[in-house]
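K.L.:
Residue numbers (the working numbering): 27 to 312.
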Amino acid sequence: MIFFNKGTVLNLTLLQLLMPNSFVGYDISHWDFRVSNFLLGMKNRVYIHNLNYTYSFLRNSLSFAFNVLVRKGFCALVNESVVFSPSLKFFFNFHWKKHSLSRISMTFKRLVRGLLTNRKLYKKRRSVFPFIPHVMFIFSPSESAFVVHECFRLHIPSVSLFDSIFFMVEANYRFPANEKSKKAIIFFNTISYLFALKAYLVRSRVFRLRVWKRYIFKLRRLKGKSYISRKDVFARILNRFFNKLAYTRVRRLKKILAMRALRRRRLRRKKKLLARRAFGTVSLKV
């Protein structure tokens, strides 16, 4: 499984910088003095990012989204660019839905202006998102400026691309990339998908750990009770506790315990049957 760290970010960025048509940078015809600190050099008429600044922005923006997803937050991905819709739609259907990340929603349509701020005025069938998002990923900020503005008014943190063409001030967490490049959009989507996948895995792992600790605490509590000597009461309480849980590790443990109990019953029946046969033969001889 892929785990996201500083080495992965730098390796992905370096790999893109070594390509002949590098997209991790800005076009020379569109330059802004506010992004001069993020530029390291020039290659193939494209300004190259400084990797340290690139990594710092990546860490600040996507680690925040990772923490939101770990805590069961809702995430929305917005793309209103017609050029990038087919590739992003394929990526979303192939990767995001593959892992059933139900708390993440993506739209490829033009959003109605004021949809988030005046959500109660719209019908449910017209609403794009089934929830109010806790964080917004915006792939085309130049065409979705009003979405960023609504997020700013509703205090919804937004993670968006920014370059010298469109310097987003209202976006809380910015990702330095070339907005007009199709490869840059897919690169940004890939990194956000890795973060979401890791959050999904960490969230499920934390829940399984909580369930396991709860199970151990329950067993220790039952161990000191007076009615532990009665096996039927203990089995009833244990089954009631197991039936409330539907997690992999607990189900596996329940299956192991059931198999052990079945083996004990079979062994007990076998011993009784052998004892009856032995007693019967002895009684006949007598």
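From the three backbone atoms N, C-alpha and C, an ideal C-beta is built for every residue, glycine too.
1) For the beta strand (DSSP E) that A102 lies in, which residues bound it at each end?
2) Are the CB atoms of H175 and F321 within a distance shorter than 8 Å?
3) Span of the beta strand (DSSP E) holding F172?
4) N93 to R295, Cα distance in whole Å?
5) Taking all protein chains shown into account, decide if L187 is buried (16 or more other Cβ within 10 angstroms of its Cβ) or exposed.
6) Using three-state DSSP, classify F165 as helix, strand or coil.
7) Quick check on R97: does DSSP put it in helix, strand or coil?
8) S255: buried (16+ other C-beta within 10 angstroms of its C-beta) or exposed?
9) Can you grab the Cα-Cα spacing for the pair S170 / N105, in whole Å?
10) Where R289 and K98 are concerned, what is the direct C-alpha to C-alpha distance, given to the nearest angstrom?
11) In or out: S89 buried (at least 16 other Cβ within 10 Å) or exposed?
12) Where does R200 land, buried or exposed, given buried means 16+ other C-beta within 10 angstroms?
13) Taking the alpha carbon of V185 as the reference point, which residue from F83, K280, M285 has its own alpha carbon closest?
P.N.:
In this structure, then:
1) 101 to 104 is the span of the beta strand (DSSP E), which, as asked, contains A102.
2) Because the chain in this structure spans residues 27 to 312, residue 321 falls outside the shown range and cannot be described.
3) Segment 171 to 179 is the alpha helix (DSSP H) holding F172; no beta strand (DSSP E) there.
4) In this structure, the straight-line span from the alpha carbon of N93 to that of R295 is close to 55 Å.
5) Its Cβ being crowded by 16 or more others within 10 Å, L187 is buried.
6) Taken through DSSP and simplified to helix, strand or coil, F165 comes out as coil.
7) DSSP places R97 in coil when its eight states are reduced to three.
8) Because S255 carries a pLDDT of 46, less than 50, the predicted location of this residue cannot be relied on, and the following value inherits that uncertainty. Classification for S255: exposed.
9) Distance between the alpha carbons of S170 and N105 is about 8 Å.
10) Taking the Cα positions, R289 is about 41 Å away from K98.
11) A residue is called buried once 16 or more other Cβ atoms fall within 10 Å of its Cβ, and S89, having fewer, is exposed.
12) The residue is buried, with at least 16 neighbouring Cβ atoms inside 10 Å.
13) When only C-alpha atoms are compared, the closest one is F83.
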